[in-house]
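Per my numbering, residue 956 is the first one in the sequence shown, and the count goes up by one each step. To start, the structure under review is shown below, and the notes come after it.
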Amino acid sequence: MRSFLILLAVMLAAAPARAAEGLSTQKERINYAIGVNLIGNLKQQEVDIDLELVVKGMRDALAGGPLLMSDEDLRKYISFYQHDVRRKVAKTRAGAAQENERAGAQFMSANKNKKGVVSLPSGLQYRVLREGAGKRPVDADNVTFHYRSSSITGTEYESSYRTGHPASRRVGDGVVPGLSEALKLMPVGSKWQLFLPPKLAYDNKGNGTKVGPNETIVFEIDLLAIN
């Protein structure tokens, strides 16, 4: 199915251009959007395409007649294509992980000398923005807090301030290691800025499409309550 969609995207790209106002029905707009989206994916994957052969393959398949390749060969060469895409993705990811680790280490080395920043043996760094007077959470406590996460360059990833809904999580396995460590040091009512190296954040896995591998993450945490 994935291979068919990719071929469909190429055919759409080869079709004559149509003005946006000419897309008069929902079906036309959906098909156009699919084409744009899938071509975008192909560009990201850096797929080397012979457009004429791709379109011929689609036409032959739609006609239902004899194909230039056997089913076995089709599976074989689609497998080659998928392997090549995975190889490129892995190479790109490895390069990003290495660069993120270097940039993060440089950032943390400079950050530890800034006014108000406390460095802990684990690698966690924090700055107290407001000191609370309540109890400190312990492992397995459910806590409610506002948060903002961002990259070391200031790009915001997530924010409960933006949504207006604070998060409720369990201390320990409910949050990343660095956040769990910090929460157990924070009295309720405190607001801290946290600086988490990769091993205390999302490590080499990253987090979805936003946080890359080995990224150092900056959190702002406002601890509201122990539930």
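Here a beta-carbon is modelled for each residue, glycine too, at the ideal position from N, C-alpha and C.
Using a C-beta cut-off of 8 angstroms, the region 1144-1151 makes no contact with the region 1108-1123, since fewer than three inter-stretch Cβ pairs fall below that distance. Secondary structure note for Lys1146: its beta strand (DSSP E) is the uninterrupted segment 1146-1151. Membership of Ile994 in the alpha helix (DSSP H) is indicated by the continuous run 981-1000. Nearest to Phe1035 by C-alpha distance, out of Ala1060, Ala1065, Asp1003, is Asp1003. Per DSSP, the continuous beta strand (DSSP E) segment holding Val1083 begins and ends at 1080-1085.
Comparing C-alpha distances from Lys1070 to each of Leu1084, Leu1140, Ser1077 shows the shortest one belongs to Leu1084. Ile1107 places its beta carbon less than 8 angstroms from that of Ala1058. Pairing Ile1176 with Phe1100 gives a Cβ-Cβ distance under 8 angstroms. If you keep only unbroken beta strand (DSSP E) runs of at least 3 residues inside the region 1028-1084, you get 1072-1074. Residues Val1126, Ile1181 of the same chain have their beta carbon placed closer than 6 angstroms to that of Asp1096, with the five preceding and five following residues left out of the count.
Between Ile1172 and Leu1151 a beta carbon distance of about 5 angstroms is seen, short of the 8 angstroms cut, so the two are scored as contacting. One thing to note: Leu1155 has its Cβ within 8 angstroms of the Cβ of Gly1078. The beta carbon of Asp1015 sits closer than 6 angstroms to those of Leu1022, all from its chain and outside the five residues before and after it, given in chain order. Within the model, the alpha-carbon separation for Arg1103 versus Arg1091 is close to 20 angstroms.
A residue is called buried once 16 or more other Cβ atoms fall within 10 Å of its Cβ, and Gln1080 is buried on that count.
With respect to the 8 angstroms criterion, Pro1142 and Glu1056 are not classified as neighbours on the basis of their beta carbons. Going by beta carbons, Ala1051 and Gly1163 fall outside the 8 angstroms limit.
Here Ala1122 is bridged, per DSSP, to Phe1100. Within its own chain, the residues whose Cβ lies closer than 8 angstroms to the Cβ of Leu1029, once the five positions on either side in sequence are excluded, are Leu1022, listed in chain order. With respect to the 8 angstroms criterion, Tyr1157 and Glu1136 are not classified as neighbours on the basis of their beta carbons.
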